[in-house]
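Engineer: The numbering used here applies: residue 358 is where the sequence shown begins, and numbers increase by one. Quick reminder that beta carbons are idealized off the backbone N, C-alpha and C, glycines included. Bear in mind that the values here come from a model prediction, so they are computed numbers and not experimental data. One structure, as structure tokens, below. Some questions next.
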Amino acid sequence: MKSYEYIDLSPDEYYILHPRPAYLIVTAKPGGGLNVMAASWVTPVSGEPPLVALAIGKEALTNELLMTRREFTINIVGEEHVNEVYRAGSMSGRSIDKWMALGFEEVKSTKVSVPGIRNSYGFLECIVNSVHEAGESTLFIAEVLGAHVRKDLYGRYGWNYEKAKVLLHDRGRAFVLPGRKIFAGKSV
Ligand SMILES: Cc1cc2nc3c(=O)[nH]c(=O)nc-3n(C[C@H](O)[C@H](O)[C@H](O)COP(=O)(O)O)c2cc1C
């Protein structure tokens with residue numbers, strides 16, 4: 358069997374864990390208005406109850422808003438949203454109203470007061486239920502209270518990748534799109 362060689366990287370070269378889905382996190386500002394940030398360190402961690410984990414940098418306005426307001430939405434986006442995702446991930450809501458600047462529109466949530474993003478592929482309505490120290494980030498564990506997906510993009514077998522160009526983040530300005538669905542053989 359052929360044996361490949363490895364190169365050594367610095368332990369902070371976490372990008373080898375990418376690509377990872379790039380989401381838009383919407384939070385509400387105390388004086389009114391919404392903030393939106395790009396996040397790819399987001400993952401499901403429990404099905405029963407449905408919990409997700411998000412690692413959010415301590416400097417981010419989103420971190421402060423999750424601590425104080427607790428409600429938010431995770432929006433799944435695609436190829437057509439790549440510029441908005443990059444911009445929402447490279448400017449802070451502390452210095453600009455990103456929601457207005459990026460021209461987002463709301464879709465009403467049913468369980469939380471924060472909306473989803475109109476024309477996103479789908480969104481989860483969440484509430485923070487615990488907060489953990491994680492180096493330069495805070496790890497937020499949140500309960501998912503509602504989930505919505507676009508009818509034209511989702512079916513019995515999940516995302517229809519012919520139409521849903523779900524956006525994954527590689528590094529910097531580089532993003533990746535899923536290729537095609539493949540199936541493993543049956544396990545014995
Ligand atoms: C594709 C992409 C993914 C990102 N993922 C994360 C992430 O998971 N956690 C994080 O803290 N920052 C992440 N960032 C950086 C934040 O989006 C960025 O710091 C943003 O300015 C924070 O916005 P805010 O201050 O308005 O909350 C990401 C940026 C990009 C472009």
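If you run the structure through DSSP and keep just helix, strand and coil, what is Thr-384?
Structural biologist: Three-state result, Thr-384: strand.
Engineer: Based on Cα-Cα distance, which residue from Tyr-361, Val-523, Ala-385 and Met-358 lies nearest to Ser-470?
Structural biologist: Cα-wise, what sits closest to Ser-470 is Ala-385.
Engineer: Do you know offhand how far Leu-510's Cα is from Ile-474's?
Structural biologist: The straight-line gap from Cα to Cα measures roughly 16 Å.
Engineer: So who's on the other strand from Thr-430, going by DSSP bridges?
Structural biologist: DSSP lists Val-383 and Glu-482 as partners of Thr-430.
Engineer: Given a cut-off of 8 Å on the beta-carbon distance, is the pair Val-393 and Phe-461 in contact?
Structural biologist: Against a cut-off of 8 Å, the Cβ pair of Phe-461 and Val-393 comes out as a contact.
Engineer: Would you say the beta carbon of Trp-456 comes nearer than 7 Å to a heavy atom of ligand 1?
Structural biologist: Trp-456: no, Cβ never under 7 Å from ligand 1.
Engineer: Are there 16 or more other CB atoms within 10 angstroms of the CB of Glu-482, so buried, or fewer, so exposed?
Structural biologist: Glu-482 should be labelled buried.
Engineer: Select from Asp-365, Ser-477 and Lys-415 the residue whose C-alpha is nearest the C-alpha of His-489.
Structural biologist: Closest by alpha carbon: Lys-415.
Engineer: Trp-456 by DSSP, collapsed to three states: which one?
Structural biologist: Looking at Trp-456 - three-state DSSP - the assignment turns out to be helix.
Engineer: With distances taken Cα to Cα, identify the nearest neighbour of Val-409 among Ile-484, Pro-472, Val-506 and Val-439.
Structural biologist: The option with the nearest alpha carbon to Val-409 is Ile-484.
Engineer: Given that a residue counts as buried once 16 or more other Cβ atoms are within 10 Å of its Cβ, and exposed if not, what is Asn-440?
Structural biologist: Asn-440 comes out exposed.
Engineer: State the CB to CB distance for the pair Pro-407 and Val-501, rounded to an integer number of angstroms; the pair is presumed to be in contact (CB under 8 Å).
Structural biologist: Sure, about 4 Å apart at Cβ, within 8 Å.
Engineer: Going by DSSP in three states, His-505 sits in which element: helix, strand or coil?
Structural biologist: His-505: strand per DSSP, three-state reduction.
Engineer: Which first and last residues belong to the alpha helix (DSSP H) in which Arg-451 is found?
Structural biologist: Note, Arg-451: premise wrong, no alpha helix (DSSP H); not H, not E.
Engineer: Pick helix, strand or coil for Thr-425, following the three-state DSSP scheme.
Structural biologist: If DSSP states are grouped into helix, strand and coil, Thr-425 belongs with the helices.
Engineer: Under 8 Å, do Ile-373 and Ser-494 count as touching if we go by C-beta distance?
Structural biologist: No, these two residues do not count as a Cβ contact at 8 Å.
Engineer: First and last residue of the alpha helix (DSSP H) that includes Arg-444?
Structural biologist: Its alpha helix (DSSP H) spans residues 439-445.
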